[in-house]
Amino acid sequence: FQFSHWETNRGELNPATTNQKFLPVHGDSLTAVFVGNSTYSKLDVFPNPASSSATVRFVNEKKGRVSIYLNSLDGRTKLELLNRVIQSGSHNLELQLPNIEGVFLLTVNTETRTNSQKLAIVKTK
43 FQFSHWETNR GELNPATTNQ KFLPVHGDSL TAVFVGNSTY SKLDVFPNPA SSSATVRFVN
103 EKKGRVSIYL NSLDGRTKLE LLNRVIQSGS HNLELQLPNI EGVFLLTVNT ETRTNSQKLA
163 IVKTK
């Protein structure tokens with residue numbers, strides 16, 4: 043089995059051409075199980091909690107536009123942290139965080155994947 047914490051690969055699952063199955067799973071950290079040879083793309087954000095900056099580690103499968111957003115859990119705030127063309131491969135990007143506090147979803151959107159992870163932002167005094 044290959045696991046993904048965000049439902050992003052559903053478009054790749056064509057029952058006519060693959061033996062993959064989408065099995066919804068409900069829980070805090072796992073929302074989908076992919077059976078077959080689906081590609082797993084991990085997203086890491088550290089440190090977490092973060093203060094003024096955080097490093098985002100992800101894989102970009104092909105050269106293209108990458109957008110990174112912070113979304114509040116209530117859906118009211120959406121801040122764009124990055125929007126540019128990035129080469130394919132593994133990336134570690136240091137992002138400057140806005141002067142806000144709370145728990146957010148940090149979302150990395152590439153041309154082939156969308157992955158999100160919770161990120162706590164705390165401000166030190």
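Okay, so the sequence shown: first residue is 43 according to our numbering, each after it adds one. The C-beta atom is built at its ideal place from N, Cα and C for all residues, glycine as well.
Quiz item: Under 7 angstroms, do L85 and N157 count as touching if we go by C-beta distance?
Solution: Position 43 of the sequence shown, counting from 1, holds the residue named residue 85. Position 115 of the sequence shown, counting from 1, holds the residue named residue 157. Yes, these two residues count as a Cβ contact at 7 angstroms.
Exercise. State the CB to CB distance for the pair A96 and L161, rounded to an integer number of angstroms; the pair is presumed to be in contact (CB under 8 angstroms).
Key: Translated into positions along the sequence shown, residue 96 becomes position 54. Translated into positions along the sequence shown, residue 161 becomes position 119. About 6 angstroms; that satisfies the 8 angstroms criterion.
Quiz item: In its own chain, which residues sit with a C-beta less than 6 angstroms from the C-beta of E136, not counting the 5 before and 5 after it?
Solution: The residue labelled residue 136 in the question sits at position 94 within the sequence shown. Once the five neighbours on either side are set aside, the close Cβ partners of E136 are S95, T97.
Quiz item: What is the DSSP secondary structure of G78, reduced to helix, strand or coil?
Solution: Position 36 of the sequence shown, counted from the start, is the residue given in the question as residue 78. For G78, the pLDDT reaches just 36, beneath the cut-off of 50, and the residue's location in the model is therefore unreliable, although a value from the coordinates is still provided. G78 falls in the coil class under three-state DSSP.
Quiz prompt | Cβ neighbours of F88 in the same chain (closer than 6 angstroms, five flanking residues each side left out) | solution = Walking along the sequence shown from the start, residue 88 turns up at place 46. T97.
Exercise. Note down the Cα distance separating T119 from I163, rounded to an integer number of angstroms.
Key: Here the question's residue 119 lines up with position 77 in the sequence shown. Here the question's residue 163 lines up with position 121 in the sequence shown. So the alpha carbons of these two residues sit roughly 14 angstroms apart.
Self-check item: Residues sharing a beta bridge with N113, DSSP
Solution: Counting from 1 along the sequence shown, the entry for residue 113 is found at position 71. In the DSSP output, where bridge partners are listed per residue, N113 has K120, L147.
Quiz item: If we ignore side chains and look at the alpha-carbon of each, how far apart do L139 and N90 end up?
Solution: Working through the sequence shown from its first residue, we reach residue 139 at position 97. Working through the sequence shown from its first residue, we reach residue 90 at position 48. Approximately 12 angstroms, taken between the alpha carbons.
Quiz item: Should V145 and F100 be called a contact, given that it needs their Cβ atoms to be closer than 7 angstroms?
Solution: Taking the sequence shown and counting its residues from 1, one reaches residue 145 at position 103. Taking the sequence shown and counting its residues from 1, one reaches residue 100 at position 58. No, Cβ-Cβ distance for V145 and F100 is not below 7 angstroms.
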